[in-house]
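Trainee:
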Amino acid sequence: MSAFPSPDAPTWPDEFAERYRAAGHWRGETFGGVLRERAAAHPDRVAIVDPGPERREWTYGELDVRASRMAAGLAARGISPGDRVVVQLPNIAEFVEVVFALFRIGALPVYALPAHRETEIEYFCSFTEAVAYVIPDRHAGFDHLALASKVKARTPSLRHVFVVGSPGGHTALSEVPCDPVDTGHEPAPDDLAFLQLSGGTTGVPKLIPRTHDDYIYSLRGSDEICGVDGDTRFLVVLPAAHNFPMSSPGWLGVLYAGGTVVMCPSPDPATAFALVESERVTMTGLVPPLALVWTEAGPGTAHDLSSLELVLVGGAKYSESAARRLEPALGCRLMQVFGMAEGLVNYTRLDDDHETVVTTQGRPISEDDEIRVVDDADEDVPEGGFGHLLTRGPYTIRGYWRAPEHDARAFTDDGFYRTGDIVRRLPTGHLVVEGRAKDQINRGGEKVAPEELENIILAHPSVHDVCVVGVADAYLGERTLAYVILREGAEALKPAAVKRLVRERGVAAYKIPDLVEFVEAFPQTGIGKVSKKGLRTEALPGPAASAPR
Ligand code: OOB
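Start counting the sequence shown at 1; every next residue gets the next number (full-length UniProt numbering).
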């Protein structure tokens with residue numbers, strides 16, 4: 001019935017798939033079909049508001065027609081079922097149009113972040129053998145056209161660059177749509193729908209294959225928990241390509257429920273609060289540093305925030321003290337969310353008592369989310385004890401896209417995903433995130449893989465060795481610190497030169513180390529390996545504040 005199981009990624013064993021269907025989790029819906037149904041049910045309801053520079057509003061009927069016309073135009077240019085298309089767009093209406101067009105074709109969007117640069121984009125395009133790349137002409141002062149030309153010249157599979165705005169030497173996205181023709185192809189519910197990016201712990205990010213069935217189930221579950229319905233007006237504050245603003249409940253969850261998605265061009269309170277007021281926003285999702293900024297700005301604002309009912313906070317640990325301040329400052333409810341692009345999402349509930357909401361990171365969406373809390377030997381720890389979180393369930397992947405060697409480490413033999421998070425489970429089933437075992441830095445919700453940075457810095461001729469760790473930060477939660485050992489007799493380097501080196505390699509700015517320190521040697525563990533924990537402790541005299549940037 002479908003192209004899945006695909007040779008590109010492991011899938012759920014039949015007995016699990018059957019169980020998830022029998023339980024009504026997987027209902028055989030597809031994204032393309034859902035939009036068609038919503039457009040038929042309420043064509044005149046507003047689906048998307050894009051506030052700037054000139055306010056645009058698309059109804060469900062319009063979005064459906066646009067997606068079909070865009071799909072037809074992309075198909076006419078040779079984009080076929082199963083093809084990968086790297087989508088790097090900011091929070092604008094075209095993001096939704098393009099993604100639904102690709103869903104209709106059965107081509108897979110690969111969600112890049114606006115912050116990604118040459119290194120990441122070239123990797124996504126070449127690793128996925130992408131046939132097309134969708135960009136804005138410029139965004140946040142950056143020339144995406146020039147980057148696209150470079151990547152296209154080096155990536156043989158890449159046949160098209162589609163541009164929102166002036167296309168330069170590429171193709172304007174606005175030229176693509178044409179009258180739909182029946183291609184005879186309908187993606188199946190258990191087909192892959194898109195590839196999401198993992199935060200990653202290795203040199204290169206892994207790609208996360210999600211199906212229509214599994215992702216739509218997570219949307220339906222999220223909508224129910226968050227109380228999303230046709231009256232919800234959701235502000236997309238975080239980059240729309242992130243799993244959190246996409247699905248928890250996110251813009252896809254809100255479209256699933258027939259509500260209205262308002263794109264926010266910038267997360268700062270001045271911009272966002274004005275939109276909350278003018279668009280009567282009821283719900284949004286924030287990472288903890290942003291929640292802090294909003295909490296500071298809320299009480300003094302001249303904007304009317306009274307429409308705001310619920311703010312979700314997640315992506316990184318939200319401190320209890322910050323959590324206690326949000327509701328009074330913004331005059332709305334708080335919900336904590338602890339999720340991962342690989343699947344499992346936990347929410348506190350609207351009927352949880354206040355203490356649970358401010359002190360836990362919630363409990364899973366589904367009764368079929370299996371949770372294990374284990375020690376280093378994969379043995380279950382006693383109830384209530386700390387341990388590694390393993391999970392398996394109806395919307396948690398069974399393996400990454402084309403990464404069998406990594407899968408062998410990231411999943412147990414019986415299919416549990418090793419989240420890398422250290423948690424404690426309360427008798428109510430709520431999880432408290434206590435830390436992390438994986439080698440990853442969580443910089444205010446943006447995930448940084450130390451190994452990726454280490455590889456870049458090591459390439460410098462003066463560098464003998466490097467170790468990148470996260471250090472506590474009152475605002476971001478963590479920031480990045482690169483310890484560098486110089487080669488004997490090598491020319492001395494300044495911290496700024498190390499940062500420049502990383503920047504010039506063309507990576508997302510959030511990966512540039514915040515701090516660089518030159519040392520003679522790294523602390524060793526008992527078995528002679530560099531002890532990142534030792535370095536973290538050494539670097540942690542107490543939370544150091546750093547300015548938002
Ligand atoms: C979300 O997804 P990812 O894939 O960017 O990152 C997942 C990781 C988790 O494994 C955990 O280490 C961390 O981010 N994390 C949290 C957290 N939420 C995520 N750590 C502590 N407290 C939290 N509340 O970040 C994501 C995906 C969907 C919904 C929400 C977040």
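By construction, the Cβ of each residue, glycine as well, lies at the ideal position given by its N, Cα and C atoms.
Nothing here was measured: the structure is a model prediction, and the numbers come from that model.
Less than 6 angstroms between C-beta atoms, sequence neighbours within five positions excluded: which residues of the same chain meet that for Trp401?
Mentor: Around Trp401: Asp8, Ala9, Leu195, Leu207, Pro209.
Trainee: Per DSSP, what kind of secondary structure is Ile397 in: helix, strand or coil?
Mentor: The answer is coil: DSSP assigns Ile397 none of H, G, I, E or B.
Trainee: By DSSP, does Glu379 sit in helix, in strand, or in coil?
Mentor: Note: Glu379 maps to coil in three-state DSSP.
Trainee: Compare the C-alpha of Glu186 against each of Phe31, Leu426, Asp368 and name the closest.
Mentor: Of the candidates Phe31, Leu426, Asp368, the one whose C-alpha sits nearest the C-alpha of Glu186 is Phe31.
Trainee: With Val281 and Leu308 assumed to form a contact (beta carbons below 8 angstroms), what rounded beta-carbon distance in angstroms separates them?
Mentor: Contact holds; Cβ gap of about 6 angstroms.
Trainee: Does the ligand OOB have even one heavy atom less than 6 angstroms from the beta-carbon of Lys447?
Mentor: Within the cutoff, so yes.
Trainee: When you compare only the Cα positions, how much space is there between Ala417 and Gly387?
Mentor: Reading off the sequence shown, one finds Tyr at residue 417, where the question assumed Ala. Near 14 angstroms, if we compare the C-alpha coordinates of Gly387 and Tyr417.
Trainee: Could you pull out every unbroken alpha helix (DSSP H) segment of at least 4 residues lying fully inside the stretch 36-123, listed in chain order?
Mentor: The qualifying runs are 60-76, 93-105.
Trainee: Please report the residue range of the alpha helix (DSSP H) in which Phe338 lies.
Mentor: Taken as a continuous stretch (DSSP letters only), Phe338 belongs to no alpha helix (DSSP H), being part of the beta strand (DSSP E) at 333-340.
Trainee: Taking only the alpha-carbon atoms, compute the straight-line gap between Asp368 and Leu219 and give it to the nearest angstrom.
Mentor: Straight-line Cα distance between these residues: approximately 15 angstroms.
Trainee: Could you please give the first and the last residue of the uninterrupted alpha helix (DSSP H) stretch that includes Ile456?
Mentor: 450-458 is the span of the alpha helix (DSSP H), which, as asked, contains Ile456.
Trainee: DSSP on Glu491, reduced to helix/strand/coil?
Mentor: Note: Glu491 maps to coil in three-state DSSP.
Trainee: Cβ of Leu305 within 7 angstroms of Cβ of Met335?
Mentor: Result no, Cβ atoms of Leu305 and Met335 do not sit closer than 7 angstroms.
Trainee: What are the boundary residues of the beta strand (DSSP E) that Ala482 is part of?
Mentor: From DSSP, the beta strand (DSSP E) with Ala482 extends over 477-486.
Trainee: Could you name each continuous alpha helix (DSSP H) segment of 4 residues or more that falls completely within the stretch 339-366, going from the start of the chain to the end?
Mentor: Whole alpha helix (DSSP H) segments, 4+ residues: 354-359.
Trainee: Could you compute how far the alpha carbon of Gly393 sits from the alpha carbon of Leu344?
Mentor: Their backbone Cα atoms lie some 8 angstroms apart in a straight line.
Trainee: Quick one: is the Cβ of Gln361 within less than 6 angstroms of any heavy atom of the ligand OOB?
Mentor: Checking the Cβ of Gln361 against the ligand OOB gives yes.
Trainee: Could you check if Ser166 is buried or exposed, using at least 16 other CB atoms within 10 Å of its CB as the buried criterion?
Mentor: It is exposed - the Cβ of Ser166 has fewer than 16 other Cβ atoms within 10 Å.
Trainee: Classify Thr428: buried if its beta carbon has 16 or more other beta carbons within 10 angstroms, exposed otherwise.
Mentor: Exposed, by the Cβ-count rule.
Trainee: State the Cα-Cα distance for the pair Glu120 and Asp353, rounded to the nearest angstrom.
Mentor: Each residue's alpha carbon lies about 43 angstroms from the other.
Trainee: Using 6 angstroms as the cut-off, classify the Cβ of Met340 as near or not near the heavy atoms of the ligand OOB, replying yes or no.
Mentor: Because some heavy atom of the ligand OOB lies under 6 angstroms away, the Cβ of Met340 counts as near it: yes.
Trainee: Identify whether Pro328 lies in helix, strand or coil by the three-state DSSP scheme.
Mentor: Correct three-state label for Pro328: helix.
Trainee: Determine the DSSP secondary structure at Ile512, reduced to helix, strand or coil.
Mentor: DSSP places Ile512 in coil when its eight states are reduced to three.
Trainee: Could you check which residue in Lys317, Tyr318, Glu279, Cys332 has the C-alpha nearest to that of Gly298?
Mentor: Minimum Cα distance to Gly298 is reached at Cys332.
Trainee: Does the separation of the CB atoms of Val110 and Val98 fall below 7 angstroms?
Mentor: Cβ distance not < 7 angstroms, so Val110 and Val98 don't count as in contact.
Trainee: In whole angstroms, what separates the C-alpha of Ser248 from that of Ala41?
Mentor: Whole-angstrom Cα-Cα distance: 24 angstroms.
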